[in-house]
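Residue numbering for the sequence shown is 109 to 470, as defined by our numbering.
Even glycine gets a Cβ: it sits at the ideal position worked out from N, Cα and C.
What you are looking at is a predicted structure, and each value in this text was computed from that prediction instead of being measured.
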Amino acid sequence: ASALIFVSQASGLSLRIILAAGVIGTSLASLRRVGRHLPQRLRARLPMLAGRIDAWVPRFVGVIHWLLVAALVGSLLDIWGVAEVGDWLGTPGGQTLIHSIAALLVIGILAVSGWLIAASWIEDRLNPDTGTGEPGAREKTLLALFRNAVAIAILVLAGMVALSEIGIDIGPLLAGAGVIGLAIGFGAQKLVQDIITGVFIQLEDAIHQDDFVTAAGISGTVERLSIRSLGLRDLSGVLHVVPFSSVDTVSNYARDFGYHRGEYGMAYRESVGDAIDALHSAYARLQAMPEIGAEVTGPLEVDGVSALADSAVLIRVRIRTTAGMQYAVGRAYNRCVKEQFDAAGIEIPYPHRTVYFGAGEQ
């Protein structure tokens, strides 16, 4: 009779525990796609947040499911008298296990929450539809660096705290990490210099993507800009990857405005005043050109006669243009000057050669 009563009580208690575990497991399963239920306004502002949440929540749900299964099995073993799980959990060892599992769950949740907050804030800054506009290349690079730094910091901090919670002394690990970091620092000085120089170049806002610059003696359009190197495409179509440690001076031809600076020669027999009038007429024609006139942002600056060369009188002029358009404006102005000089009959000197055949004594 006592055995029948024990079996009946154990069966009823086991059934209730199994049903409770099933309800809890089903409730947790509904959290696997919680990202889909975010407010539409938040989803529009942070379009990648739902995907990140749906990527991390199922992992935590899976861990909790396994813990729930372990608790269910332990409860059943304790109820049926197979193992005294409840008594063991009351011992210091059992309390330590429960504390460690709870601490690891809390650490994991805090670490992932911190990463989601940081990544979402960076995503909001990079989103051109949030009201702040399209960020520049400098902000993109610095935010990407900040995101990587935050990820590494959260990973290292959470790992150290987790190891400490499960009873591992992290003091030797920190000392070993310091020695390894020192060795890596000595062995990768060039890489460290690349990164540090790249950070300061970005902070000074010296280079943007699509700018035409000269760096490390190479001129080209900036196609790729990372924290360690610079990708320049020259006029021949060659892509040069320049590490920032090799960049000591940056010449940016596409910042704020530019100047076309040219020298135009005329024959010695021509009038300087007529030539200057022709240069002004060429400038008027340049402004009237529909495809290039809008790029001219300043008046024609005539510096005067810059040199009396071997076969020409040189007159220097300068035209202010929009950033990066000085070369196109210069080519168009050269054409206008040639046509205007031809129309005014002003000779543009070119090398002459006189052939002397000699003469007899008579």
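- THR357 is the residue among THR357, GLY286 and THR430 whose C-alpha sits nearest the C-alpha of VAL321.
- Under the 10 Å beta carbon count, GLN148 is surrounded by fewer than 16 other beta carbons and is classified as exposed.
- Nearest in C-alpha terms to GLY202, of all of LEU218, GLY182 and GLY189, is GLY182.
- Check the Cα spacing between LEU185 and each of ALA257, ILE126 and TYR464: the tightest is with ILE126.
- According to the DSSP secondary-structure assignment, HIS368 is paired through a beta bridge with ILE427.
- With respect to VAL380, GLU403 sits apart: the two C-beta atoms are not nearer than 8 Å.
- By the criterion of a C-beta distance shorter than 6 Å, ASP342 is surrounded in its chain by GLY328, once the five residues flanking it on both sides are discounted.
- Judged by DSSP secondary structure, ASP411 falls within the beta strand (DSSP E) whose first and last residues are 404 to 416.
- If you ignore the 5 residues before and after VAL169, its C-beta comes within less than 8 Å of the C-beta of LEU136, ALA137, LEU139 and ARG140, all in its own chain and listed in chain order.
- ALA227 carries a helical assignment under DSSP once its states are collapsed to helix, strand and coil.
- The C-alpha of ALA285 lies about 28 Å from the C-alpha of TRP164.
- In the three-state scheme derived from DSSP, where H, G and I count as helix and E and B as strand, GLY120 is classed as helix.
- Secondary structure of THR204 (DSSP, three-state): helix.
- If you check the CB distance, ILE309 and ILE315 come in under 8 Å.
- Across the set ARG377, TRP174 and ARG144, the C-alpha of ARG144 shows the shortest separation from the C-alpha of ASP162.
- Nearest C-alpha to LEU224 among LEU387, ILE400, LEU154 and ALA179: LEU154.
- CA-to-CA, the gap between ALA283 and VAL264 works out to about 14 Å.
- In this structure GLY306 touches ARG336 by the C-beta definition: roughly 6 Å separates them, less than 8 Å.
- Across the set ILE278, ASP382, VAL171 and TRP229, the C-alpha of VAL171 shows the shortest separation from the C-alpha of ALA210.
- Leaving aside the five residues that flank TYR361 on each side, the residues in its chain whose CB is nearer than 6 Å to its CB run, in chain order, PHE320.
- Residue burial annotation: TYR376 is exposed, with fewer than 16 other C-beta atoms found within 10 angstroms of its C-beta.
- In the DSSP assignment, ARG332 falls within the beta strand (DSSP E) that extends over 326 to 333.
- Around the beta carbon of SER353, a 10 Å sphere encloses 16 or more other beta carbons of the protein chains shown; the residue is thus reported as buried.
- When C-beta atoms of the stretch 425 to 439 are compared with those of the stretch 406 to 416, three or more pairs fall below 8 Å, so the two segments count as touching.
- At the C-beta level, ILE454 and GLU378 come within 8 Å of one another.
- LEU422 is bridged by DSSP to GLY373 and ALA415.
- In the DSSP assignment, ASN360 is bridged to VAL321.
- In the structure shown, the three-state DSSP call for LEU154 is coil.
- Here HIS460 carries a coil assignment [DSSP, helix/strand/coil].
- Annotation: ALA178 to ARG151 spans about 37 Å, alpha carbon to alpha carbon.
- DSSP places HIS348 in the strand class (E or B) of the three-state scheme.
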